[in-house]
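Here's the structure, in structure tokens; my notes come after.
In my numbering, the protein residues as written are 323 to 408.
Written out as structure tokens, the structure reads:
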């Protein structure tokens with residue numbers, strides 16, 4: 323059994339891969355939320371400008387951006403658990 327196959331190695335790999343993938347997906351979703359909501363400046367708008375123009379859109383974009391890495395990690399952990407023992 324190598325270190326990558328140990329439970330800690332699996333956790334670290336899931337945290338890194340799921341977190342990075344979730345962050346990338348979250349960034350794309352958050353930018354699209356801002357663009358499609360009609361915020362002036364679109365993707366160039368700063369978070370402060372988004373919150374000043376529409377606090378609800380800013381809150382939703384922030385929740386998506388923060389929650390996507392967590393969802394990515396949870397998805398990989400659940401996928402690993404459902405695949406059975408290795």
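Positions of the beta carbon are idealized from the N, C-alpha and C atoms, including for glycine.
When C-alpha distances from residue 358 are compared across 388, 379, 402, the shortest belongs to 379.
Per DSSP, residue 405 is not a residue of any alpha helix (DSSP H), being assigned neither H nor E. Setting aside the 5 residues that flank it on each side, residue 361 is surrounded in the same chain by 367, 372, 375, each with a C-beta closer than 6 Å to its C-beta; the list follows chain order. Residues of the same chain with a CB within less than 6 Å of the CB of residue 339, apart from the 5 flanking positions on each side, do not exist. The DSSP-derived three-state label of residue 354 is helix.
In the DSSP assignment, residue 374 falls within the alpha helix (DSSP H) that extends over 369-375. One alpha carbon belongs to residue 351, the other to residue 387, and they sit about 8 Å apart.
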